[in-house]
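Peer 1: Before we start, here is the structure in question, set down as structure tokens.
2 protein chains.
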Amino acid sequence: MKSTIPDTGVPITPSATNGGDRQENRQDNRHEASLHGEILLRLRDYVVEGNIPDGARVPERQLCEMFGISRTPLREALKVLAAEGLIELLPNRGARVRQLSQRDLEELFDVMAGLESLAGRLACEAITDEEITAIEQLHYEMYGHYLHRDMHGYFQANQRIHESIVAAARNETLKTAYANFAGRIRRVRYSANFARKRQRWAEAMREHEAILDALRRRAASELSDILFQHLRNKRVAAIEHLAEPHEDTPAAP
Amino acid sequence: MKSTIPDTGVPITPSATNGGDRQENRQDNRHEASLHGEILLRLRDYVVEGNIPDGARVPERQLCEMFGISRTPLREALKVLAAEGLIELLPNRGARVRQLSQRDLEELFDVMAGLESLAGRLACEAITDEEITAIEQLHYEMYGHYLHRDMHGYFQANQRIHESIVAAARNETLKTAYANFAGRIRRVRYSANFARKRQRWAEAMREHEAILDALRRRAASELSDILFQHLRNKRVAAIEHLAEPHEDTPAAP
DNA sequence: AGGACAAAAAATGAATGCAAAATAGCGTCC
DNA sequence: GGACGCTATTTTGCATTCATTTTTTGTCCT
Numbered sequence: 000m001k002s003t004i005p006d007t008g009v010p011i012t013p014s015a016t017n018g019g020d021r022q023e024n025r026q027d028n029r030h031e032a033s034l035h036g037e038i039l040l041r042l043r044d045y046v047v048e049g050n051i052p053d054g055a056r057v058p059e060r061q062l063c064e065m066f067g068i069s070r071t072p073l074r075e076a077l078k079v080l081a082a083e084g085l086i087e088l089l090p091n092r093g094a095r096v097r098q099l100s101q102r103d104l105e106e107l108f109d110v111m112a113g114l115e116s117l118a119g120r121l122a123c124e125a126i127t128d129e130e131i132t133a134i135e136q137l138h139y140e141m142y143g144h145y146l147h148r149d150m151h152g153y154f155q156a157n158q159r160i161h162e163s164i165v166a167a168a169r170n171e172t173l174k175t176a177y178a179n180f181a182g183r184i185r186r187v188r189y190s191a192n193f194a195r196k197r198q199r200w201a202e203a204m205r206e207h208e209a210i211l212d213a214l215r216r217r218a219a220s221e222l223s224d225i226l227f228q229h230l231r232n233k234r235v236a237a238i239e240h241l242a243e244p245h246e247d248t249p250a251a252p
Numbered sequence: 000m001k002s003t004i005p006d007t008g009v010p011i012t013p014s015a016t017n018g019g020d021r022q023e024n025r026q027d028n029r030h031e032a033s034l035h036g037e038i039l040l041r042l043r044d045y046v047v048e049g050n051i052p053d054g055a056r057v058p059e060r061q062l063c064e065m066f067g068i069s070r071t072p073l074r075e076a077l078k079v080l081a082a083e084g085l086i087e088l089l090p091n092r093g094a095r096v097r098q099l100s101q102r103d104l105e106e107l108f109d110v111m112a113g114l115e116s117l118a119g120r121l122a123c124e125a126i127t128d129e130e131i132t133a134i135e136q137l138h139y140e141m142y143g144h145y146l147h148r149d150m151h152g153y154f155q156a157n158q159r160i161h162e163s164i165v166a167a168a169r170n171e172t173l174k175t176a177y178a179n180f181a182g183r184i185r186r187v188r189y190s191a192n193f194a195r196k197r198q199r200w201a202e203a204m205r206e207h208e209a210i211l212d213a214l215r216r217r218a219a220s221e222l223s224d225i226l227f228q229h230l231r232n233k234r235v236a237a238i239e240h241l242a243e244p245h246e247d248t249p250a251a252p
């Protein structure tokens, strides 16, 4: 075994065959056409899913072999990921997975909060009754998951609600930025399934009620406040959770 | 002259000599170290300053000659600029300067409004009395420019106030995102020096008074509202201005 | 034996080369 | 005379190659 990357069972496809048509909502959705775009998507997922340890080197050569491409398109993708803040480029020392400090996470959560807050504000201007009904549906669905203590289902419904609000803002630029930042913390979220605390869970449900209420009344600035506070509370819960030590990660021998 | 790029008097330095130490506040500030980073900064400025017409092709070969580099680092920079939304990459058809539709501008203004709104909210949590005093200083300075009808001075002071608020938010991630979006509309702002309307100008001054007032009281959600509305009004003024025909741009023969 | 130095090995950063696609240029046909 | 189609040139995308820098390894000296 020559690899320094922990073998996590990710399928190593020698050629750059792309199975599914991906529906990325990025600025230019022609990424799947060119090789560097394809690699960008795949490499982003690869990093986001935590296949490379935090702060570890991103081995160009190995990734090239893994994707079955030359270094040129890979390096182009690396530059973009660096611009996105997912990795960092050290001069003459290659790329490293960007290690997010607690402060970084706080900042990211706050920016997400700001974006969602904005989304709510804008949504009040344009949202249709049908969209609100749809969100209500999701809300009740989420409530059901809450009652059944189904965290996975709850999480999915929750995410869809937030996405619906962002969608209702009718602002593609916002949507893109939102997805971008969400991607950065997805890495953390992936390993840390927080919100396990009953207390916080119930609180979140109440906040969601308030969100829905404000949305129904199209109370823009009020909804803006509620959403910000909601995300702020999420941030606190997440940071608290991450501060605690966890034994889920298999320790190295 | 073989160049198809309009010669706007931008100094064409054949070698990649970087005169001044640039103080970019991007995620990784080692950009000046590597060639592609250097090129990224220069190319971004070049595009933002409008040296290439809207929607026009970005000529790889010529830019290479202009910067005195090979295509590889330039193409890397192009990928990043595309990710930033400044240009768009058409498969097998090269890069084009991204033409911002009116809708795009509206969206961008709204996102900027959301970010400043967030900045104000966060600033209320952490801003010191000294910082507020500094902003007050800028405010009075700006007021002076307003009275003297000095638009340039007014604009500079205005921008510094907004930057100060963003700085007071103590959030580097936000600061970076803000700079990023600001860069995208800088291109428009460059040619369109709006806010020429007296009416709007006076209104903006009043809004700034309200901003300062809310800031002094650390009224987070109130400031958030005011800032959003302020930027919203700016948006309206800017769009109105751009909708009007202008004769400042020299017509092509 | 441990550390410092030096050479080898590997990796990075940029340039060049090559195949495929697109654009333009030109002739032909209707 | 204009539209269509074919070829030549340019341009793009990626692979390969070359020069530097870094990292590792091995050796020598203390």
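Same order as they appear, the protein sequences are chains F and C. Counting from 0, one number per residue, gives the positions in the first sequence under numbering that gives the first Met the number 0. Counting from 0, one number per residue, gives the positions in the second sequence under numbering that gives the first Met the number 0. Where a beta carbon is used, it is the ideal one built from N, C-alpha and C, also for glycine.
1. Quick one: grab the DSSP three-state call for C/Ala236.
2. Residues of chain C with CB under 7 Å from F/Leu114, in chain order?
3. Can you list the alpha helix (DSSP H) stretches of 4 or more residues lying completely in the stretch 96-151 of chain F, in chain order?
4. How big is the Cα-Cα spacing for C/Val235 and F/Leu241?
5. Measure from the alpha carbon of C/Arg41 to the alpha carbon of each residue in C/Val110, C/Leu222, C/Leu77, C/Asp128, then state which is nearest.
6. So F/Leu226 and F/Ser116 are supposed to be a Cβ contact under 8 Å. How far apart are they, rounded?
7. Compare the C-beta of F/Glu37 with all C-beta atoms of chain C and state if any pair is closer than 9 Å.
8. Considering just the uninterrupted stretch of the beta strand (DSSP E) at F/Pro88, what are its terminal residues?
9. Under a three-way DSSP split, which group does C/Ala94 fall into?
10. Determine the closest residue to C/Gly119 out of C/Glu162, C/Gly152, C/Leu104, with distance taken between C-alpha atoms.
11. Closer than 8 Å by C-beta to F/Ser220: which residues in its own chain qualify, once you throw out the five before and the five after it? Chain order, please.
12. May I ask whether a heavy atom of the ligand HEM can be found less than 8 Å away from the beta carbon of C/Arg120?
13. Going by beta carbon distance, what residues of the same chain come within less than 6 Å of F/Gln98, once the five residues before and after it are set aside?
14. Establish whether the CB of C/Arg170 and some CB of chain F are separated by less than 9 Å.
15. Within the 9 Å Cβ cut-off, does F/Pro227 reach chain C?
16. Against F/Leu117, what residues of chain C qualify as contacts under a CB-to-CB distance less than 9 Å, listed in chain order?
17. Alpha carbons only, please: which of C/Glu243, C/Val46, C/Gln61 is nearest the one belonging to C/Glu87?
18. Name the residue from C/Arg92, C/Lys196, C/Ala133 whose alpha carbon lies nearest to the alpha carbon of C/Ile164.
19. Using the Cα positions of F/Leu104 and C/Thr172, report the straight-line distance between them to the nearest angstrom.
20. Anyone know if the C-beta pair for C/Leu39 and C/Leu80 falls short of 9 Å?
Peer 2: If we stick to the structure as given:
1. Position 237 of the second sequence, counted from the start, is the residue given in the question as residue 236 of chain C. Here DSSP, grouped into helix, strand and coil, assigns C/Ala236 to helix.
2. The residue given as residue 114 of chain F occupies position 115 in the first sequence. For F/Leu114, the neighbours in chain C by C-beta distance under 7 Å run, in chain order, Gly113.
3. For the stretch 96-151 of chain F, whole alpha helix (DSSP H) runs of length 4 or above, ordered along the chain, are 101-125, 128-146.
4. For the purposes of this step, residue 235 of chain C is taken as the residue at position 236 of the second sequence. For the purposes of this step, residue 241 of chain F is taken as the residue at position 242 of the first sequence. Distance between the alpha carbons of C/Val235 and F/Leu241: 43 Å.
5. By one-based count along the second sequence, residue 41 of chain C stands at place 42. Comparing alpha-carbon positions, the option among C/Val110, C/Leu222, C/Leu77, C/Asp128 lying closest to C/Arg41 turns out to be C/Leu77.
6. Locating residue 226 of chain F in the first sequence gives position 227, counting from the first residue. Locating residue 116 of chain F in the first sequence gives position 117, counting from the first residue. Cβ-Cβ separation between F/Leu226 and F/Ser116: approximately 5 Å, consistent with a contact (criterion under 8 Å).
7. As a working mapping, residue 37 of chain F is identified with position 38 in the first sequence. No, no contact with chain C.
8. As a first step, residue 88 of chain F must be located in the first sequence, where it is residue number 89. Note on identity: in this sequence residue 88 of chain F is Leu, with Pro being the wrong assignment. Looking at the DSSP string, the run of the beta strand (DSSP E) that includes F/Leu88 is 86-89.
9. On the second sequence, position 95 is the one that residue 94 of chain C refers to. Assignment of C/Ala94 by DSSP, reduced to helix, strand and coil, places it in the strand class.
10. Walking along the second sequence from the start, residue 119 of chain C turns up at place 120. The shortest C-alpha separation from C/Gly119 is found at C/Glu162.
11. On the first sequence, residue 220 of chain F is found 221 positions in, with the first residue counted as 1. The beta carbon of F/Ser220 sits closer than 8 Å to those of Arg120, all from its chain and outside the five residues before and after it, given in chain order.
12. Although the ligand HEM was asked about, the structure shown includes no ligands whatsoever.
13. By 1-based counting over the first sequence, the position of residue 98 of chain F is 99. When the five nearest sequence neighbours on each side are left out, the beta carbons in the same chain lying within less than 6 Å of the beta carbon of F/Gln98 are those of Asp53, Gly54, in order along the chain.
14. Working through the second sequence from its first residue, we reach residue 170 of chain C at position 171. Contrary to the premise, residue 170 of chain C reads as Asn rather than Arg in this sequence. With 9 Å as the cut-off, C/Asn170 counts as an interface residue toward chain F.
15. Residue 227 of chain F sits at position 228 when you count from the first residue of the first sequence. Pro is not the amino acid found at residue 227 of chain F; the sequence shown has Phe there. Cβ-Cβ to chain C under 9 Å: yes for F/Phe227.
16. The residue given as residue 117 of chain F occupies position 118 in the first sequence. Identification of chain C residues near F/Leu117 by a Cβ-Cβ cut-off of 9 Å yields Asp109, Val110, Ala112, Gly113, Leu114, Ser116, Leu117, Phe227, ordered along the chain.
17. Sequence index remark: in the second sequence, residue 87 of chain C carries index 88 (1-based). With distances taken between Cα atoms, C/Glu87 lies closest to C/Val46.
18. As a working note, residue 164 of chain C is residue 165 in the second sequence. It is C/Ala133.
19. In the first sequence, the residue the question calls residue 104 of chain F occupies position 105. In the second sequence, the residue the question calls residue 172 of chain C occupies position 173. If you take the alpha carbons of F/Leu104 and C/Thr172, they lie about 10 Å apart.
20. On the second sequence, residue 39 of chain C is found 40 positions in, with the first residue counted as 1. On the second sequence, residue 80 of chain C is found 81 positions in, with the first residue counted as 1. Yes, these two residues count as a Cβ contact at 9 Å.
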